[in-house]
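Note sheet for the following structure.
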Amino acid sequence: MKKDLRYQKTKIAILRAIEVLLQNKDFEKISIKDICETAQVSRSAFYLHYTDKYDLAKQCQLELIETGNRFIKERVITKRDKLMLTMLNLLLGEGKVMALLISSHGSSEIQESIRSVMRQNMQKNILPLTNLKFANSTEERYFLSFFSNAIFGVIQEWINSGQKESPEEIVALVDKNFSFEFK
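Residues in the sequence shown are numbered consecutively from 5, following our numbering.
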């Protein structure tokens with residue numbers, strides 16, 4: 005069923021609808037009715053895909069993370085700047101809904117979830133590629149918290165200010181402030 009063309013078209017319509025709605029409305033104020041009307045799909049069609057709007061947001065997040073992890077593994081990214089550039093380009097391309105959820109129109113609950121996933125992803129997939137050494141797990145935990153929140157804040161500011169700078173410019177700005185290197 006998930007490969008059915010109608011199923012895929014409905015999913016795309018729902019994603020486009022939430023993208024349009026998030027440009028002018030806070031996530032918390034968007035209803036399933038709003039999404040369905042904008043997507044021109046029935047409520048039952050929406051519920052075939054998602055349990056609620058939070059599930060929709062979570063699925064977008066998971067898909068973007070999966071795509072990002074695949075990019076990292078396929079391209080064997082070994083430079084911090086290339087990793088950040090990949091993330092920003094993903095947000096510009098496949099992650100438009102996620103970018104809007106990170107923006108000031110997103111919900112704080114979703115943003116905290118994204119920060120948490122970023123922290124976990126950094127610990128699992130990025131720290132092992134760096135030259136960083138920590139004296140203990142507390143030191144590592146606080147570094148992960150600091151770095152993931154800093155990167156999230158930069159991305160959020162970039163999105164909120166209309167993504168005027170190129171991904172390359174953002175990477176250069178971040179690069180000026182962090183001195184660790186990948187192995």
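We treat Cβ as the ideally placed atom computed from N, Cα and C, and that holds for glycine.
Do you know how far the Cα of residue j is from the Cα of residue i?
i: leucine 52; j: isoleucine 36; result: 13 Å
i: aspartate 59; j: asparagine 129; result: 25 Å
i: isoleucine 39; j: asparagine 140; result: 47 Å
i: glutamine 44; j: tyrosine 54; result: 16 Å
i: valine 178; j: lysine 86; result: 12 Å
i: aspartate 30; j: threonine 71; result: 26 Å
i: valine 189; j: glutamate 143; result: Outside the modelled stretch of the chain, which goes from 5 to 187, sits residue 189, for which no answer is possible.
i: phenylalanine 138; j: asparagine 181; result: 19 Å
i: leucine 66; j: asparagine 164; result: 22 Å
i: serine 107; j: leucine 136; result: 31 Å
i: phenylalanine 156; j: isoleucine 34; result: 23 Å
i: methionine 122; j: leucine 133; result: 16 Å
i: glutamate 113; j: lysine 62; result: 11 Å
i: glutamate 172; j: glutamine 160; result: 16 Å
i: threonine 90; j: threonine 42; result: 31 Å
i: lysine 168; j: isoleucine 118; result: 23 Å
i: cysteine 64; j: glycine 99; result: 8 Å
i: serine 152; j: leucine 26; result: 24 Å
i: phenylalanine 150; j: tryptophan 162; result: 18 Å
i: isoleucine 22; j: phenylalanine 50; result: 12 Å
i: tyrosine 146; j: leucine 9; result: 46 Å
i: aspartate 56; j: serine 120; result: 21 Å
Kindly indicate which three-state DSSP category residue i falls into: helix, strand or coil?
i: threonine 219; result: Shown here, the chain extends from 5 to 187; a query on residue 219 therefore has no answer.
i: threonine 134; result: strand
i: valine 101; result: helix
i: glycine 157; result: helix
i: lysine 62; result: helix
i: tyrosine 51; result: helix
i: valine 24; result: helix
i: glutamine 167; result: coil
i: isoleucine 34; result: coil
i: lysine 29; result: coil
i: glutamine 44; result: coil
i: serine 152; result: helix
For the alpha helix (DSSP H) holding residue i, just list the boundary residues, first then last.
i: aspartate 179; result: 171–181
i: glutamine 115; result: 112–125
* Asked: Is there contact here, the segment 8–15 with the segment 84–104, by at least three beta-carbon pairs under 8 Å?
  -> The segment 8–15 vs the segment 84–104: no contact.
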